[in-house]
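K.L.:
Counting in the UniProt record's numbering, the sequence shown runs from 1 upward without gaps. Where is the CB? At the ideal position from N, CA and C, for every residue including glycine. Keep in mind the model is a prediction, meaning the values are calculated, not measured.
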Amino acid sequence: MSIFNRVISPVLALVALPILLIGAWWIYTLNSTSFFVPEPVGLVETFISTWITGERLTADVLPSLRRLGMGLALAIVLGILLGLLIGLNRTVRALTEPVFEFFRALPPPVLIPVLMLLIGVGNTMQVAVIVSGCIWPILLNTIEGVRGIDPVQSETSRSYGISGFSRVRYQILPAAAPPIMAGVRQSLSIALILMVISEMFATSSGLGFTIVQFQRSFAIPEMWSGIAVLGIIGVTLSFIFQFVERRVLRWYHGLKEVENAA
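(1) At what residues does the alpha helix (DSSP H) containing proline 141 begin and finish?
(2) Looking at C-alpha atoms only, which residue of Phe47, Ile22, Glu144, Arg67 is the closest neighbour of residue 279?
(3) Report buried or exposed for aspartate 150, applying the criterion of at least 16 other Cβ atoms within 10 angstroms of its Cβ.
(4) Is the CB-CB distance between glycine 79 and threonine 142 below 8 Å?
(5) Would the stretch 117 to 131 and the stretch 48 to 68 be scored as touching if the rule is three or more Cβ pairs under 8 Å?
(6) Indicate the three-state DSSP secondary structure (helix, strand or coil) for methionine 200 in the structure shown.
(7) Would you say phenylalanine 243 faces chain C, with C-beta separation under 8 Å as the test?
(8) Between valine 110 and the rest of its own chain, which residues show a CB-CB distance below 7 Å, the 5 nearest in sequence each way excluded?
(9) Given the structure, does tryptophan 224 come close to the ligand ATP, in the sense that its CB is under 7 Å from one of the ligand's heavy atoms?
(10) Can you tell me the Cα-Cα spacing of valine 134 and isoleucine 190, whole angstroms?
(11) Kindly list the residues whose CB is nearer than 6 Å to the CB of glutamine 171, restricted to its own chain and excluding five residues on each side of it in sequence; keep chain order.
(12) What residue range is occupied by the uninterrupted alpha helix (DSSP H) comprising threonine 46?
(13) Which residues in the same chain have their Cβ closer than 8 Å to the Cβ of glutamate 222, if we skip the five residues on either side of it in sequence?
(14) Give the DSSP-derived three-state secondary structure of valine 37 in the structure shown.
(15) Quick one, are the C-beta atoms of leucine 249 and glycine 183 less than 8 Å apart?
(16) When you compare only the Cα positions, how much space is there between proline 137 and arginine 93?
(17) Between the beta-carbon of proline 107 and the beta-carbon of tryptophan 224, is there less than 8 Å?
(18) Tell me whether isoleucine 86 sits in a helix, a strand or coil according to DSSP, three-state version.
(19) Helix, strand or coil for threonine 29? Go by DSSP, reduced to three states.
(20) With C-beta atoms as the reference, is isoleucine 130 less than 8 Å away from leucine 43?
(21) Run through DSSP, which three-state label would phenylalanine 100 get?
(22) Does the distance from the CB of glycine 206 to the CB of isoleucine 197 come in under 8 Å?
(23) Alpha carbon to alpha carbon, how far is leucine 84 from isoleucine 233?
(24) Cα separation between isoleucine 227 and arginine 147?
(25) Look at serine 187 and alanine 75 and say whether their C-beta atoms are less than 8 Å apart.
(26) Exposed or buried, what is leucine 194 when buried is set at 16 or more other beta-carbons lying within 10 Å of its beta-carbon?
(27) Are proline 174 and glycine 145 close, meaning C-beta to C-beta below 8 Å?
(28) If we ignore side chains and look at the alpha-carbon of each, how far apart do tyrosine 160 and valine 114 end up?
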């Protein structure tokens with residue numbers, strides 16, 4: 001395989017659309033007098049002065065990332081543990097399915113006033129909001145992943161005397177890993193959205209709070225620069241997830257490649 005196919009082609013595919021969008025944005029703002037659409041160069045300067053050289057990085061970005069990481073971690077752990085317990089028990093699954101469908105249908109932002117009353121205002125409430133929305137894709141995908149395990153595989157494990165925690169570790173979790181990772185992927189975007197929304201209520205720091213403050217004070221370039229920060233965080237999370245997914249599901253992707261080549 002040539003170096004063009006291995007290196008240059010993926011890089012071009014990655015940057016082509018952003019370059020086209022930035023070019024169109026630059027052309028649009030050449031003769032524009034709109035106060036609400038800043039020029040690319042001006043926005044870059046505002047971005048650097050606001051988020052790189054200023055105090056916003058430590059005062060707003062890092063606290064937001066900390067809440068995001070805590071909420072995602074709790075959602076992943078709770079979702080997988082509960083999904084395994086429920087997925088392995090048919091009776092519990094039948095009892096909990098209607099309840100789960102009810103709570104999954106509730107938009108997580110609706111729960112913010114309730115969580116503010118029950119937990120109070122602060123980091124705990126904001127993390128709870130993230131968990132309340134992110135846990136459902138992981139939980140439900142884990143349950144479906146456990147339900148979809150090949151019965152022959154399960155019988156083989158029993159035949160070899162693999163039971164208890166060893167069965168969960170070596171048979172159930174690997175077999176259910178693809179749908180679990182799909183649930184985690186869905187939760188990443190939900191977590192970012194809920195992080196911003198939760199910081200718009202009764203708080204004095206974070207990206208959501210700061211972006212709203214910029215909007216209310218008509219600091220339009222600063223507002224757009226905050227939105228750009230959110231986009232960078234989202235892209236970074238996506239790349240990190242893809243890296244982890246390739247490591248965790250290396251066997252699965254290898255199997256798919258073999259099946260596609262056959």
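P.N.:
Answer, in terms of the structure:
(1) The amino acid occupying residue 141 in the given sequence is asparagine; proline does not appear at that position. From DSSP, the alpha helix (DSSP H) with asparagine 141 extends over 123 to 147.
(2) Only positions 1 to 262 of the chain appear in the structure, and residue 279 is not among them; the question remains open.
(3) Aspartate 150 is exposed by the Cβ-count criterion.
(4) In this structure, threonine 142 lies closer than 8 Å to glycine 79 by Cβ.
(5) Yes, they touch.
(6) DSSP places methionine 200 in coil when its eight states are reduced to three.
(7) In the displayed structure, chain C is absent; only one protein chain is listed.
(8) Apart from sequence neighbours up to five positions away, no residue of its chain approaches valine 110 with a beta-carbon distance below 7 Å.
(9) Inclusion of the ligand ATP in the displayed structure is not the case, the ligand content being empty and no account of it being possible.
(10) As written in the sequence, residue 134 is cysteine, which differs from the valine given in the question. Roughly 6 Å between the two C-alpha positions.
(11) The answer, listed in chain order, is Ser157.
(12) Unbroken alpha helix (DSSP H) run through threonine 46: 40 to 47.
(13) The residues are Thr46, Thr50, Phe214.
(14) Of the three classes helix, strand and coil, the one that applies to valine 37 here is coil, per DSSP.
(15) Taking a C-beta distance under 8 Å as the contact criterion, leucine 249 and glycine 183 do not qualify as a contact pair.
(16) Taking the straight line from one Cα to the other gives about 16 Å.
(17) Contact: no.
(18) Of the three classes helix, strand and coil, the one that applies to isoleucine 86 here is helix, per DSSP.
(19) In the structure shown, threonine 29 adopts helical secondary structure according to DSSP, grouped into three states.
(20) For isoleucine 130 and leucine 43, no; Cβs fall outside 8 Å.
(21) Of the three classes helix, strand and coil, the one that applies to phenylalanine 100 here is helix, per DSSP.
(22) The answer is no: Cβ separation not under 8 Å.
(23) When only Cα atoms are considered, leucine 84 and isoleucine 233 end up about 30 Å apart.
(24) Across the structure, isoleucine 227 and arginine 147 are spaced so that their CA atoms are roughly 40 Å apart.
(25) The answer is yes: Cβ separation under 8 Å.
(26) Taking every protein chain shown into account, the CB of leucine 194 has 16 or more other CB atoms within 10 angstroms, so this residue is buried.
(27) Their beta carbons are not under 8 Å apart, which means proline 174 does not touch glycine 145 by this criterion.
(28) Straight across, the Cα-Cα distance linking tyrosine 160 with valine 114 is about 50 Å.
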